[in-house]
Amino acid sequence: MRFSLPRLRMPQLSLPRLRLPRLPGMFIFAWLFAALKGWVMGSRPKDNDSLVMYDRMLLWLTFGLAAIGFIMVTSASMPVGQRLANDPFLFAKRDGLYIVLAFALAMITLRLPMDFWQRHSTAMLIASIVMLLIVLVVGSSVNGASRWIALGPLRIQPAEFTKLSLFCYIANYLVRKADEVRNNLRGFLKPMGVIFVLAILLLAQPDLGTVVVLFVTTLAMLFLAGAKLWQFIAIIGMGISAVVLLILAEPYRIRRVTSFWNPWEDPFGSGYQLTQSLMAFGRGEMWGQGLGNSVQNWSIYRKRTLTLSSPLSAKNSVISVWYWRF
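Numbering (our numbering), first residue to last: 379 to 704.
Written out as structure tokens, the structure reads:
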């Protein structure tokens, strides 16, 4: 015999719905977010999820690096701010303002059409040359280098704008003169002439690092445009020879190279920065010592601008350095 038990029905409990208070600030924030999204994405109401103006992954990586950099620079600069102005967040306030200004400028540049950079690339290059000339006359000098133009509390580095203007100009040139670059040596040497003029102005500051960046990036763009291989071999050989001669011409550059190969030979002189950075890596080990617990936070010179990877490893972990680098 089969017995059928009656089904037991559990009583349904009716819980009151929790309603969040309607705050005016929430509506304002939602409206601003929607307006900003529509302004950045463009006028495509039926395709709001399309990547219209930017690469979403690249944008989030930029935000992540900016957040990590802000936290680490704040932690690394607290002793300096306390010593200079009795305010540990002196540099954090300034950098926060710079991040807001950079974000606002990024929103504006995202709305510019691509042909804007092509049409104004020559004017941008001329403006960068003028700025490089101005910085040699009225530029503010820091540690023997005149690389900045002071505008009140802000300081502008023309070399950074030169990178953008040169790359836009080279891209425009390669689009217009692609056949000449592939088939004629003259078409290949014209960008090298522009690099030569900019290199003279940058080396007068002096700023050898920016010259190397401009040279290598321009060669990569010419290679992608289809220039001949033997031209690259010749230019690369000349470039390496020029860099070696420039290093040998200045004693401080020679000290930088020798201290890089063996910083422990002069740990309290030319190798001080690198030895302290290596000690910060060693103390941090795999998981780090935590924010504010690094001993090298008080020893590394200009760690907030020169060697941020070492305090990042000491405070957090080696894994965080891998993410920051790659």
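Just so it is clear, CB atoms sit at the ideal spot from N, CA and C, and this is done for glycine as well.
Give me whichever residues DSSP pairs with residue i in a beta bridge.
i: Ala-470; result: Answer by DSSP bridge pairing: none, since Ala-470 is not bridged.
i: Arg-533; result: Ala-528
i: Ser-519; result: Ser-524
So residue i and residue j are in contact, right, with Cβ under 8 Å, and what is the actual spacing, rounded?
i: Pro-569; j: Thr-596; result: 6 Å
i: Val-559; j: Ala-605; result: 6 Å
i: Val-516; j: Ile-527; result: 7 Å
i: Ile-625; j: Ile-632; result: 6 Å
i: Leu-602; j: Leu-592; result: Between Leu-592 and Leu-602 the Cβ distance is about 16 Å, and since that is not below 8 Å, they are no contact.
i: Phe-723; j: Leu-652; result: Because the chain in this structure spans residues 379 to 704, residue 723 falls outside the shown range and cannot be described.
Residue range of the alpha helix (DSSP H) that residue i falls in?
i: Gly-442; result: 434-463
i: Arg-560; result: 556-561
Where does residue i land, buried or exposed, given buried means 16+ other C-beta within 10 angstroms?
i: Asn-640; result: exposed
i: Pro-423; result: Low confidence applies to Pro-423: its pLDDT is 45, below 50, so where it sits in the model is not reliable, and the reading given next is rough at best. Counting Cβ neighbours within 10 Å, Pro-423 comes out exposed, since fewer than 16 surround it.
i: Leu-580; result: buried
i: Gly-565; result: buried
i: Tyr-551; result: buried
i: Gln-460; result: exposed
i: Tyr-547; result: buried
i: Val-513; result: buried
i: Thr-487; result: exposed
i: Ile-613; result: buried
i: Arg-525; result: buried
i: Val-508; result: exposed
i: Val-451; result: buried
i: Ser-518; result: exposed
i: Met-502; result: buried
i: Ala-484; result: exposed
i: Ala-627; result: exposed
i: Pro-536; result: buried
i: Ile-611; result: exposed
i: Ile-578; result: exposed
i: Met-435; result: exposed
If we define contact as Cβ-Cβ less than 8 Å, is residue i a contact residue for chain C?
i: Ser-518; result: Absent from the structure is chain C; it holds one protein chain and no more.
Cβ of residue i versus every heavy atom of the ligand HEM: is any distance shorter than 7 Å?
i: Ile-614; result: Of the ligands one can find in the structure shown there are none, so the ligand HEM has no counterpart to examine.
- Item | Those runs of the alpha helix (DSSP H) which lie wholly inside the region 581-637 and span at least 4 residues | 586-602 and 607-627
- Item | Complete runs of the alpha helix (DSSP H) confined to the region 479-517 [at least 4 residues] | 492-497 and 499-516
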